[in-house]
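See structure below.
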Amino acid sequence: QKEVEQDPGPLSVPEGAIVSLNCTYSNSAFQYFMWYRQYSRKGPELLMYTYSSGNKEDGRFTAQVDKSSKYISLFIRDSQPSDSATYLCAMEYGNKLVFGAGTILRVKS
Amino acid sequence: DVKVTQSSRYLVKRTGEKVFLECVQDMDHENMFWYRQDPGLGLRLIYFSYDVKMKEKGDIPEGYSVSREKKERFSLILESASTNQTSMYLCATLERQRGEKLFFGSGTQLSVL
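Each protein sequence line maps, in turn, to chains A and B. Sequential numbering of the first sequence, starting at -18, is according to this note's numbering. Sequential numbering of the second sequence, starting at 84, is according to this note's numbering.
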C-alpha cells in the first residue's frame, strides 16, 4: 500500500465549477501537508502549506486537513482554464517528504 | 524570485552512456534535491545534499550518483544509462522560512534508447 494515495484523474470540469481534489494517507506521523501545482512541461510550484487539521484559505483555494480520517483536500472555487494543471499533494514528517502521484485537472471554457 | 535552472529540457542518450544532468540555483539555499517523476508513481527522491560535498541517498539511489562541488550547483550522474531510467528528472532547492518550501526547476525529460 502506498503511503499517499491520489486519484490520477483526469478530472474534467466546466469553467466556474468548484473543484475538489483529494488525497488519503496511511501514516499518522505526517504533520505537514502541501499542495503543489504543475503546469505542462514545468516543475511543481507550492500552492498551499498547512500544519494542522482544519481549513486554510488563499484566494480561490482552500486546503482542508482531517487528520482523524487521514484525508486532505484542495478546493478550487470559480475554476478557470488557467487552473488546468496537475495537482500533487505532499506530506512530511521529520525529514521525510512523500508526494502523491498527482491529479490531472482540465477546466473547459 | 528563486531560480532553479536545469541545463537541458530534453535529452536522448543511448544505453550504457554516462549522463550528466546539471542544476544551478541562485538563492544560496543549502539543501538541494534530485527527483524523478513517472506517470502513476509521482515524485521519487533519488539523492539530496544539505551542504557542499555532502550527499545523502534518497529512496531510489541505485544507478545514480551526485556531485556538489559548489553550493549553487548539484549534478546528477547516470553512470551507465539504462532504458528504465527514461524519466522526467526534477531538481529542487529548499527554503526554510515559516515552513518548508521546495522550489523546482523545469525538469529534464531524459530518454534512454
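Every residue, glycine too, gets a C-beta built ideally from N, C-alpha and C.
Of the listed residues the options, nearest to residue i (C-alpha basis)
i: Tyr68 (chain A); options: A:Phe11, A:Gln61, A:Pro25; result: A:Pro25
i: Gln12 (chain A); options: A:Ser49, A:Leu55, A:Ala82; result: A:Ser49
i: Glu38 (chain A); options: A:Arg22, A:Tyr20, A:Ile57, A:Ser21; result: A:Ile57
i: Asp64 (chain A); options: A:Lys(-17), A:Pro(-11), A:Ile(-1); result: A:Ile(-1)
i: Ser33 (chain A); options: A:Leu86, A:Val(-15), A:Tyr74, A:Glu(-16); result: A:Tyr74
Chain-ordered chain A contacts of residue i [CB-CB under 9 angstroms]
i: Ser189 (chain B); result: Arg22, Lys23, Gly24
Straight-line gap, residue i to residue j (C-alpha atoms, nearest Å)
i: Cys174 (chain B); j: Ser60 (chain A); result: 29 angstroms
i: Leu196 (chain B); j: Asn167 (chain B); result: 10 angstroms
i: Ser1 (chain A); j: Glu152 (chain B); result: 44 angstroms
i: Phe80 (chain A); j: Gly99 (chain B); result: 30 angstroms
i: His112 (chain B); j: Arg22 (chain A); result: 24 angstroms
i: Ser163 (chain B); j: Ser91 (chain B); result: 19 angstroms
i: Gln(-13) (chain A); j: Ile129 (chain B); result: 21 angstroms
i: Lys101 (chain B); j: Gly190 (chain B); result: 19 angstroms
The ligand NAP heavy atom lying under 7 angstroms from the CB of residue i
i: Gly83 (chain A); result: Ligands are entirely absent from the displayed structure, and the ligand NAP is therefore not among its contents.
CB-CB length for residue i against residue j, believed under 8 angstroms
i: Lys89 (chain A); j: Ser9 (chain A); result: So it is not a contact: roughly 38 angstroms between Cβ atoms.
i: Gln108 (chain B); j: Glu155 (chain B); result: 6 angstroms
i: Thr169 (chain B); j: Ser194 (chain B); result: 5 angstroms
i: Met115 (chain B); j: Phe157 (chain B); result: 4 angstroms
Interface partners of residue i on chain B, CB under 7 angstroms
i: Ala82 (chain A); result: Gly123, Leu124, Gly125
i: Pro(-11) (chain A); result: Gly123
Continuous beta strand (DSSP E) stretch holding residue i: start and end
i: Gly188 (chain B); result: Looking at the DSSP string, Gly188 (chain B) is not in any beta strand (DSSP E), and its letter there is neither H nor E.
i: Glu26 (chain A); result: 26 to 31
i: Asp121 (chain B); result: 115 to 121
i: Leu124 (chain B); result: Counting along the chain, Leu124 (chain B) falls outside any beta strand (DSSP E), and DSSP gives it neither H nor E.
i: Leu196 (chain B); result: Run containing Leu196 (chain B): none; DSSP gives neither H nor E here.
Neighbour list for residue i in chain A, Cβ cutoff strictly below 8 angstroms
i: Lys184 (chain B); result: Leu27, Tyr30
Partner residues on chain B for residue i, Cβ-Cβ distance less than 8 angstroms
i: Glu73 (chain A); result: Glu183
i: Leu69 (chain A); result: Gly125, Leu126
Contact list for residue i against chain A, beta-carbon separation under 7 angstroms
i: Leu173 (chain B); result: Gly24
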